Amino acid sequence: MQTKSSSLTEKQQFWLGHIEIFKKSGLSRKEYCDRHGLELQHMSYFASYLKKKVGRQNRSDGFIKLTPDPPVVHLTMRLTNGISIEFPSKSLQDVLRSLREIN
Numbered sequence: 150m151q152t153k154s155s156s157l158t159e160k161q162q163f164w165l166g167h168i169e170i171f172k173k174s175g176l177s178r179k180e181y182c183d184r185h186g187l188e189l190q191h192m193s194y195f196a197s198y199l200k201k202k203v204g205r206q207n208r209s210d211g212f213i214k215l216t217p218d219p220p221v222v223h224l225t226m227r228l229t230n231g232i233s234i235e236f237p238s239k240s241l242q243d244v245l246r247s248l249r250e251i252n
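Okay, so the sequence shown: first residue is 150 according to the numbering used here, each after it adds one.
Right under this line is the structure:
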């Protein structure tokens, strides 16, 4: 989500920076907000608002800038009892936490 930062307010620039870092973090939006002391509702609002605003600005030259989503890497965990669990690699911490809670 890149745009001319001069056309954004200071508050919009603040949220745009956090949104760009969040997207690269591999965390859920809630986890990111909790770690950085941000309000989840505010981040959700600005993510939606800035996506629309940036989209309009990117179309001003007649072209729309497309950026591909990063590929999702899946991990497979095979247990000794023959059960296999497949999940996105960014969920590894959640899966391990859940497995620890079972014991």
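Here a beta-carbon is modelled for each residue, glycine too, at the ideal position from N, C-alpha and C.
Computed from a predicted structure; not experimentally measured.
(request) Just tell me which of L245, A196 and G175 has its CA closest to the CA of K160. (result) A196
(request) Output the boundary residues of the alpha helix (DSSP H) element that contains I251. (result) L241 to I251
(request) Use the C-beta contact count for F123: other C-beta atoms within 10 angstroms, 16 or more gives buried, fewer gives exposed. (result) In the structure as shown, the chain begins at 150 and stops at 252. Residue 123 is therefore absent and cannot be evaluated.
(message) So for I170, helix, strand or coil by DSSP?
(response) helix
(request) For S240, I'd like the list of residues in its chain whose CB is within less than 8 Å of its CB, leaving aside the five on either flank, ordered along the chain. (result) Spatial neighbours of S240 in its own chain (CB-CB distance under 8 Å, excluding positions within 5 residues in sequence) are not present.
(request) Would you mind sorting V222 into buried or exposed? The rule is 16 or more other CB atoms within 10 Å of its CB. (result) exposed
(request) Kindly list the residues whose CB is nearer than 8 Å to the CB of S193, restricted to its own chain and excluding five residues on each side of it in sequence; keep chain order. (result) R178
(message) How far does the alpha helix (DSSP H) with E180 in it extend, from its first residue to its last?
(response) R178 to H185
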